[in-house]
Amino acid sequence: MPIVPRPHGIRPQPSRIRALPVSARLLALVIVIVPVLAGCSEPAARVTATASASSSPTPTRQVTVAVPNVVGMKGDAAADTLKEAGFTEKPTYADVDGEETVQEESDWTVTAQGPQADTQAPVDQPITLMVRHDRADASASASAVATEPESAPEPAQAQEPEPAPEPAQPQEPEPAPEPAQPQEPEPAPEPAQPQEPEPGGVYYRSCKEAKAAGAAPLYQGEPGYRPGLDRDHDGIACEK
Numbered sequence: 103m104p105i106v107p108r109p110h111g112i113r114p115q116p117s118r119i120r121a122l123p124v125s126a127r128l129l130a131l132v133i134v135i136v137p138v139l140a141g142c143s144e145p146a147a148r149v150t151a152t153a154s155a156s157s158s159p160t161p162t163r164q165v166t167v168a169v170p171n172v173v174g175m176k177g178d179a180a181a182d183t184l185k186e187a188g189f190t191e192k193p194t195y196a197d198v199d200g201e202e203t204v205q206e207e208s209d210w211t212v213t214a215q216g217p218q219a220d221t222q223a224p225v226d227q228p229i230t231l232m233v234r235h236d237r238a239d240a241s242a243s244a245s246a247v248a249t250e251p252e253s254a255p256e257p258a259q260a261q262e263p264e265p266a267p268e269p270a271q272p273q274e275p276e277p278a279p280e281p282a283q284p285q286e287p288e289p290a291p292e293p294a295q296p297q298e299p300e301p302g303g304v305y306y307r308s309c310k311e312a313k314a315a316g317a318a319p320l321y322q323g324e325p326g327y328r329p330g331l332d333r334d335h336d337g338i339a340c341e342k
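When you read off a place in the sequence shown, starting at 1, and then add 102, the result is the number in this note's numbering.
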């Protein structure tokens with residue numbers, strides 16, 4: 103490189119550049135380094151955010167079912183109905199009067215429920231049942247019956263007067279009985295005809311006499327035979 107000669111008569115000016123203090127130098131260094139570091143950290147932050155977004159679990163869809171109407175059921179029957187509808191959690195019971203703790207669900211009756219019937223609810227949501235003890239219902243019914251005022255008796259209906267009886271009709275006199283006809287006297291019985299003695303002059307009044315006389319049996323045509331002693335009319339009398 104060629105050397106240019108300095109003109110004569112011109113003095114060199116003293117240098118005005120002075121050394122900077124240490125604090126100023128540090129400040130300048132910070133101003134230069136911070137943007138550089140910021141530019142380097144931005145890609146790393148983006149990578150970290152992307153990794154976090156990819157590693158987060160995918161949200162699952164919540165399953166819901168319609169809440170059945172269990173009002174009026176016993177506590178245990180209501181629990182079975184909710185289970186059949188698809189609910190996995192046991193219902194919670196609360197005394198509607200706030201006096202007792204529910205132990206035997208079968209002794210309680212559901213009076214209200216939450217959520218209401220026919221609304222959609224998650225299957226893992228416990229259904230709240232407001233219940234009343236059956237003993238309390240019985241006592242309330244008895245008290246209501248005891249305090250119920252008796253109805254006033256209805257006023258008696260005025261009875262209509264009975265109609266006057268009709269005057270009795272005069273009875274016609276019965277006709278006088280006809281005079282009895284005089285009975286004709288029965289004819290006198292005819293006198294018995296004397297029995298004619300049998301031929302031979304022998305007569306037995308009975309078979310006993312004939313047997314006593316040794317004449318039995320009597321054959322027709324023999325002395326002492328007569329039809330009155332022959333009972334079977336075979337011509338032999340007193341044969342037995």
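Ideal Cβ placement from N, Cα and C applies to all residues, glycine included.
If I measure Cβ to Cβ from residue i and keep anything under 7 Å in the same chain, skipping five residues before and after, which residues do I get?
i: Ala318; result: Cys309, Ala312, Cys340
According to DSSP, simplified to helix, strand and coil, what is residue i?
i: Lys176; result: strand
i: Thr183; result: helix
i: Leu320; result: strand
i: Gly200; result: coil
i: Ala168; result: strand
i: His335; result: coil
i: Gly216; result: strand
i: Leu128; result: helix
i: Ala266; result: coil
i: Ala278; result: coil
Which one of the options has the shortest CA to CA distance from residue i?
i: Val212; options: Gln222, Glu186, Met232; result: Met232
i: Pro234; options: Trp210, Pro217, Pro193; result: Residue 234 is actually Arg in this sequence, not Pro. Checking every option, the nearest Cα to that of Arg234 belongs to Trp210.
i: Ala315; options: Tyr305, Gly174, Gly323; result: Tyr305
i: Gly174; options: Ala214, Glu202, Glu186, Gly323; result: Ala214
i: Ala238; options: Gly200, Phe189, Ala282; result: Gly200
i: Gly330; options: Arg307, Ala168, Lys342, Glu324; result: Arg307
i: Gly326; options: His335, Asp334, Gly303, Gln273; result: Gly303
i: Phe189; options: Asp226, Pro265, Glu202; result: Asp226
Label residue i either buried or exposed according to how many other C-beta atoms from any shown protein chain fall within 10 Å of its C-beta, with 16 as the threshold for buried.
i: Gly337; result: exposed
i: Glu348; result: In this structure the chain extends from 103 to 342, so residue 348 is not present and cannot be described.
i: Asp332; result: buried
i: Ala294; result: For Ala294, the predicted model reports a pLDDT of 48, less than 50, meaning its position is unreliable; a value from the coordinates is still stated below. Counting Cβ neighbours within 10 Å, Ala294 comes out exposed, since fewer than 16 surround it.
i: Tyr321; result: exposed
i: Leu184; result: buried
Nearer than 8 Å: is that true of the beta carbon of residue i relative to any heavy atom of the ligand FAD?
i: Gln322; result: Only the bare structure without any ligand can be found here, which leaves the ligand FAD out of the picture.
So, for residue i: in the same chain, excluding its five sequence neighbours on each side, which residues have a beta-carbon less than 8 Å away from its beta-carbon?
i: Lys192; result: Ala181, Pro228
i: Val204; result: Gly177, Tyr195, Ala196, Asp197, Trp210, Val233
Going by the DSSP bridge assignment, what does residue i pair with across the sheet?
i: Tyr195; result: Leu231
i: Pro224; result: Thr166
Who are the Cβ neighbours of residue i in its own chain at under 6 Å, not counting the five residues just before and after it?
i: Pro224; result: Gln164, Thr166
i: Ala219; result: Val169, Asn171
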